[in-house]
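To get my numbering, take the position in the sequence shown, counting from 1, and add 13. Working notes for the structure below.
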Amino acid sequence: METLTNLESFVRSAESGGFSAAARGLKLTPAAVSRNVAMLERNLGIRLFHRSTRNLTLTEEGERFLQAIRTNLDNLQAAIADISAQRDEPSGVLKVSMSPTLGIGFVMPLLPDFLKRFPLIRPEWHFENRQVDLIGEGFDAAIGGGFELLPGMVSRSLATLHLIAVASPSYMEGRVSPTDPVELANMDGIVLRRDSTGRIPVRMLRNSAGEEKPAHIRERIVVNDPAAMRQGALLGLGVTILSAPVALPLLKSGKLVRLLPDWYVDAGPVSIYYASRTLLPAKTRVFVDFIAEAFRQGRLTESFAGVLG
14 METLTNLESF VRSAESGGFS AAARGLKLTP AAVSRNVAML ERNLGIRLFH RSTRNLTLTE
74 EGERFLQAIR TNLDNLQAAI ADISAQRDEP SGVLKVSMSP TLGIGFVMPL LPDFLKRFPL
134 IRPEWHFENR QVDLIGEGFD AAIGGGFELL PGMVSRSLAT LHLIAVASPS YMEGRVSPTD
194 PVELANMDGI VLRRDSTGRI PVRMLRNSAG EEKPAHIRER IVVNDPAAMR QGALLGLGVT
254 ILSAPVALPL LKSGKLVRLL PDWYVDAGPV SIYYASRTLL PAKTRVFVDF IAEAFRQGRL
314 TESFAGVLG
């Protein structure tokens with residue numbers, strides 16, 4: 014009878030494409046994962062992987078075996094997790110990735126309550142504007158928008174993110190406020206160039222009637238960070254398009270004004286991402302549930318959609 018460790022080492026290596034990546038997720042050494050898979054191959058009498066110095070790919074027999082056991086393995090692990098969860102208090106290092114704006118501005122304020130409920134969890138939070146490899150880099154979860162759903166990942170939607178056009182009162186002084194998105198072309202724009210593509214995206218604005226129009230703001234200042242866009246707007250350098258939750262406090266304080274209040278960019282959902290296996294560590298499971306509940310019960314969902322309180 015094969016051990017659960019051998020089977021899990023095989024499945025996670027197949028999902029992540031390597032022993033090292035699987036080892037980080039399983040909290041083992043790469044050598045241990047490799048030995049577990051080799052023992053499984055020896056016991057089954059088949060080769061499960063083609064190995065090279067750079068690549069690890071499934072053989073035909075390995076593909077068939079993976080499809081045959083993956084669901085059963087997940088179900089077995091889920092049963093073990095359910096029993097363990099009744100006994101064990103969530104604990105350990107919780108490694109999470111999120112953007113600086115989202116993480117520092119909206120998730121960090123939730124941390125005191127989270128740690129009060131789960132004092133044995135030790136957060137290790139990385140604030141970065143990129144999509145991490147959850148399994149390969151050993152992350153327990155990530156929070157963000159527009160992520161590609163890679164193999165081995167699932168997502169849980171938290172809120173729909175809207176972007177809105179804003180400027181400072183000083184910039185708008187003596188100017189006529191636009192009534193149509195096409196009029197933004199007459200204004201100085203503070204725009205974002207994406208590091209990942211090197212391109213400046215053209216935002217599509219929509220209204221409640223379902224109309225859509227591009228926001229062709231004149232590229233007066235180009236930056237690569239949303240925080241710089243916000244700061245440029247506060248300095249009166251021009252018009253920019255910010256995420257609604259970032260803009261709302263500045264609109265309430267009067268430091269910025271909203272242009273085209275009936276128009277917004279639908280930037281899609283903000284979600285929390287985690288490993289797809291049903292056997293989640295207790296620390297990850299309670300964090301995912303806590304964040305989802307905080308968005309649902311608080312005003313975060315409304316603020317992400319640009320609803321003034």
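All C-beta atoms, glycine included, are put in the ideal place defined by N, C-alpha and C.
Start-to-end residues for the alpha helix (DSSP H) that takes in Leu263: 257-266
Is Thr210 buried or exposed, if buried means 16 or more other CB atoms sit within 10 Å of its CB? Under a 10 Å Cβ-count criterion, Thr210 is classified as exposed, with fewer than 16 other Cβ atoms of the shown protein chains found around its own Cβ.
Alpha-carbon spacing of Ala280 relative to Ile156, whole angstroms: 15 Å
Return the first residue and the last residue of the alpha helix (DSSP H) that Phe152 is part of. That residue, Phe152, is in no alpha helix (DSSP H); it is neither H nor E in DSSP.
Going by DSSP, what residue range makes up the beta strand (DSSP E) through Gly202? First-last of the beta strand (DSSP E) with Gly202: 201-205.
From the DSSP output, in three-state form, read off Arg48 for me. helix
Just the Cα atoms here: how many angstroms apart are Leu162 and Asp302? 20 Å
May I have the straight-line CA-CA distance separating Pro227 from Thr114, to the nearest angstrom? C-alpha separation (whole angstroms): 25 Å.
If we count the other Cβ atoms within 10 Å of its Cβ and call it buried at 16 or more, is Lys40 buried or exposed? exposed
Cutoff 6 Å; reference Ser22; Cβ partners in own chain excluding five residues on either side: Val46, Asn49, Val50
Would a C-beta distance cut-off of 8 Å place Val278 and Ala180 closer than the cut-off? no
Please return the same chain residues whose Cβ sits closer than 8 Å to the Cβ of Val10, not counting the five positions on each side in sequence. The requested residue 10 does not occur in the structure, where the chain is confined to residues 14 to 322.
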